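Residue numbering for the sequence shown follows the numbering used here, beginning at 152 and increasing consecutively.
Where is the CB? At the ideal position from N, CA and C, for every residue including glycine.
Predicted model only: the values in this text are computed from it and were never measured.
Here's the structure, in structure tokens; my notes come after.
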Amino acid sequence: MQMIRVRTRMALSACAMLYRSSISGPVRLMTTDTQSIAAKLSSSGLLRSQALIGGKWVDAYDGKTIKVHNPATGEVITDVPCMGGRETNDAISSAYDAFSSWSKLTAAERSKYLRKWYDLIMAHKEELGQLMTLEQGKPLKEAIGEVSYGAGFIEFSAEEGKRIYGDIIPSPSADRRLFVLKQPVGVVGAITPWNFPLAMITRKVGPALACGCTVVIKPSELTPLTALAAAELSIQAGIPPGVVNVVMGNAPDIGDALLASPQVRKITFTGSTRVGKKLMEGAAATVKKVSLELGGNAPCIIFDDADLEVALKGALATKFRNTGQTCVCANRILVQEGIYDKFADAFAKAVQNMKVGDGFTEGVEQGPLINEAAVQKVESFVEEATLKGAKVLVGGKRHSLGMTFYEPTVVTGVNSEMLLAKEEVFGPVAPLLKFKTDEEAIQMANDTNAGLAAYIFSTNIKRAWRVTEALEYGIVGVNEGLVSTEVAPFGGVKQSGLGREGSKYGMDEYLEMKYVCLGSMS
Numbered sequence: 152m153q154m155i156r157v158r159t160r161m162a163l164s165a166c167a168m169l170y171r172s173s174i175s176g177p178v179r180l181m182t183t184d185t186q187s188i189a190a191k192l193s194s195s196g197l198l199r200s201q202a203l204i205g206g207k208w209v210d211a212y213d214g215k216t217i218k219v220h221n222p223a224t225g226e227v228i229t230d231v232p233c234m235g236g237r238e239t240n241d242a243i244s245s246a247y248d249a250f251s252s253w254s255k256l257t258a259a260e261r262s263k264y265l266r267k268w269y270d271l272i273m274a275h276k277e278e279l280g281q282l283m284t285l286e287q288g289k290p291l292k293e294a295i296g297e298v299s300y301g302a303g304f305i306e307f308s309a310e311e312g313k314r315i316y317g318d319i320i321p322s323p324s325a326d327r328r329l330f331v332l333k334q335p336v337g338v339v340g341a342i343t344p345w346n347f348p349l350a351m352i353t354r355k356v357g358p359a360l361a362c363g364c365t366v367v368i369k370p371s372e373l374t375p376l377t378a379l380a381a382a383e384l385s386i387q388a389g390i391p392p393g394v395v396n397v398v399m400g401n402a403p404d405i406g407d408a409l410l411a412s413p414q415v416r417k418i419t420f421t422g423s424t425r426v427g428k429k430l431m432e433g434a435a436a437t438v439k440k441v442s443l444e445l446g447g448n449a450p451c452i453i454f455d456d457a458d459l460e461v462a463l464k465g466a467l468a469t470k471f472r473n474t475g476q477t478c479v480c481a482n483r484i485l486v487q488e489g490i491y492d493k494f495a496d497a498f499a500k501a502v503q504n505m506k507v508g509d510g511f512t513e514g515v516e517q518g519p520l521i522n523e524a525a526v527q528k529v530e531s532f533v534e535e536a537t538l539k540g541a542k543v544l545v546g547g548k549r550h551s552l553g554m555t556f557y558e559p560t561v562v563t564g565v566n567s568e569m570l571l572a573k574e575e576v577f578g579p580v581a582p583l584l585k586f587k588t589d590e591e592a593i594q595m596a597n598d599t600n601a602g603l604a605a606y607i608f609s610t611n612i613k614r615a616w617r618v619t620e621a622l623e624y625g626i627v628g629v630n631e632g633l634v635s636t637e638v639a640p641f642g643g644v645k646q647s648g649l650g651r652e653g654s655k656y657g658m659d660e661y662l663e664m665k666y667v668c669l670g671s672m673s
């Protein structure tokens with residue numbers, strides 16, 4: 152079959168090229184602070200620099216490596232294997248072999264393993280948070296918060312796995328009995344992004360393992376260390392070899408191997424819509440199940456009857472979480488004309504007071520962007536908006552800290568024709584758009600191919616319900632900016648993806664339904 156190459160026009164297939172855009176200038180050696188943190192993590196056994204295949208820590212077969220950088224400083228933390236198709240195929244074989252025994256355990260037995268894994272993650276949440284800040288850049292408090300959030304998916308799955316029920320269907324024939332069984336789909340290929348290095352893994356792997364599946368995880372090459380640390384803790388939890396495998400490196404080659412293998416029965420992916428479409432196309436060759444959590448263009452609608460304090464708090468939380476680098480961040484803030492100026496002024500003042508810096512610094516609220524390419528994208532979006540008449544109230548340029556830091560930014564006078572309104576900026580930029588009526592707000596909010604998350608701020612319950620039902624989004628937050636939780640279904644509509652993660656509904660993504668017709672027996 153013709154392989155689907157999940158790549159950009161850049162030479163992604165060459166491991167040495169993977170990080171050319173990650174940092175600017177020469178490679179930096181670790182400072183004393185970074186060295187001490189890395190040394191502490193290494194002594195704890197959580198700083199792993201090899202992949203996990205069949206319960207063994209291994210290097211790339213050709214010895215190639217890629218460097219993992221601290222985005223706040225540009226320093227190299229460590230090298231990890233740059234793997235490809237051969238290693239991925241071995242990981243698939245390992246997962247396939249382990250599936251026969253793992254799937255036959257009772258749900259209660261699998262639950263005990265997952266519960267132990269959850270306990271270990273929570274016992275090491277500070278170290279995992281430090282590792283995450285080191286390789287991804289988010290403030291330490293936020294990183295530790297992600298550890299608890301991510302661990303919640305393991306805990307929930309451990310519990311919910313014991314409640315996977317089949318069904319008995321009343322038969323139209325007296326001599327027949329009709330049953331529905333739910334069984335694990337098989338080997339799962341889980342491809343995860345860099346912005347939530349732990350939670351995007353646990354909310355896929357937790358339900359997969361609870362249902363009886365085994366997994367091959369492909370974390371982002373930008374943030375593989377958190378994934379490897381989580382895998383180490385899965386081993387300590389006693390999860391058998393081959394049930395959890397982790398490979399990283401050449402993304403197109405790894406993706407091709409996962410798509411081509413008939414032993415992989417499901418692909419679950421969080422990332423860009425462009426790559427998601429490629430994976431969906433590639434999965435068709437072997438008719439795999441696919442779950443996709445793709446890009447968003449979240450509107451945050453502030454009505455003139457909103458509680459201004461609640462709206463400010465919610466908009467700040469949903470816009471600037473993780474320095475604006477989440478798929479559910481408010482990408483467009485739509486403000487009704489009656490309070491537009493008042494809200495813009497209060498919002499700009501709050502944004503101006505945000506502390507930017509290295510995530511290990513006390514009180515920091517905004518860390519760096521992930522790499523130089525991310526900064527250049529933000530710069531180009533802001534420049535395009537200002538050339539078309541938008542006005543920067545706060546920020547609008549690189550931070551004086553240098554590297555990939557960008558000032559938290561508020562832009563007014565934005566319209567629907569600007570890139571800031573049409574595409575995900577994935578950075579700390581809040582564009583404010585003005586609207587008059589409810590109908591106009593709904594039209595503006597729905598004028599996109601994306602449909603992941605939306606937010607409403609209003610004290611009018613009738614208006615809130617009417618607008619919620621009219622919004623073409625999989626998630627709607629009403630008077631709340633932080634909506635993600637392991638107990639609720641997370642996912643989008645339109646081109647924001649397929650399927651749901653979290654909650655009891657997310658379990659079904661890893662199950663097949665089998666209908667059994669039992670006839671009469673002598």
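Proximity of the stretch 391-398 to the stretch 318-334 falls short of the contact definition, fewer than three beta-carbon pairs being nearer than 8 Å. Per DSSP, the continuous beta strand (DSSP E) segment holding Pro335 begins and ends at Arg328 to Pro335. DSSP lists Phe641 as the bridge partner or partners of Glu652. Here Pro450 is bridged, per DSSP, to Arg483. Apart from the 5 residues on each side of it in sequence, Ala501 sits with its Cβ closer than 8 Å to the Cβ of Leu463 and Leu467 in its chain, given in chain order. With a beta-carbon spacing of about 6 Å, Lys289 and Gly510 fall inside the 8 Å limit used to define contacts. Assignment of Tyr269 by DSSP, reduced to helix, strand and coil, places it in the helix class. The Cβ atoms of Gly628 and Gly643 do not sit closer than 8 Å to each other. Per DSSP, reduced to three states, the secondary structure at Leu459 is helical. The Cβ atoms of Ile272 and Ile305 lie closer than 8 Å to each other. A residue is called buried once 16 or more other Cβ atoms fall within 10 Å of its Cβ, and Met569 is buried on that count. When DSSP states are grouped into helix, strand and coil, Tyr557 belongs to the strand group. The Cβ neighbour count for Ile612, taken over all protein chains shown within 10 Å, is under 16; the residue is labelled exposed. Contact between Ser194 and Glu278 fails: their C-beta atoms lie close to 10 Å from each other, not under 8 Å. A Cβ-Cβ contact shorter than 8 Å links Gly547 with Thr560. Its Cα nearest to that of Gly578, the residue Gln527 stands out among Asn600, Gln527 and Thr588. Per DSSP, reduced to three states, the secondary structure at Phe586 is strand. Under a 10 Å Cβ-count criterion, Lys313 is classified as exposed, with fewer than 16 other Cβ atoms of the shown protein chains found around its own Cβ. Distances from the alpha-carbon of Cys233 to those of Ile243, Lys470, Ala402 and Glu591 put Ala402 closest.
In the three-state reduction of the DSSP assignment, Arg549 falls in the strand class, which pools E and B. In terms of Cβ geometry, Lys355 and Glu663 do not form a close pair [threshold 8 Å]. Straight across, the Cα-Cα distance linking Thr374 with Ile386 is about 20 Å. The three-state reading of DSSP puts Val502 in helix, counting H, G and I together.
A residue is called buried when at least 16 other Cβ atoms come within 10 angstroms of its Cβ; Glu383 meets this threshold and is buried.
Within the same chain, Cβ atoms closer than 6 Å to the Cβ of Leu633 are found at Ala468, the five residues on either side in sequence being excluded. Taking the C-beta atoms as reference points, Val565 is found no nearer than 8 Å to Phe532. The alpha-carbon of Gln487 is positioned some 6 Å away from that of Lys585.
By the neighbour-count definition (other C-beta atoms within 10 Å, threshold 16), Asp230 is an exposed residue. Residue burial annotation: Ala259 is exposed, with fewer than 16 other C-beta atoms found within 10 angstroms of its C-beta.
Approximately 7 Å separates the beta-carbon atoms of Glu286 and Thr377; this is inside 8 Å, confirming the contact. Contact check for Ile521 and Leu485: beta-carbon distance about 27 Å, past the 8 Å limit, so the pair fails to qualify. The closest CA to that of Glu516, considering only Leu430, Gln503, Asp241 and Thr610, is found on Gln503. Between Glu444 and the set Thr421, Leu459 and Phe307, the nearest pair of CA atoms involves Thr421.
Cα atoms of Thr537 and Glu530: separation of roughly 11 Å, rounded to the nearest angstrom. Between the alpha carbons of Ser371 and Val209 lies a distance of about 18 Å. In this structure, Gly406 lies near Leu430, with their beta-carbon atoms less than 8 Å apart.
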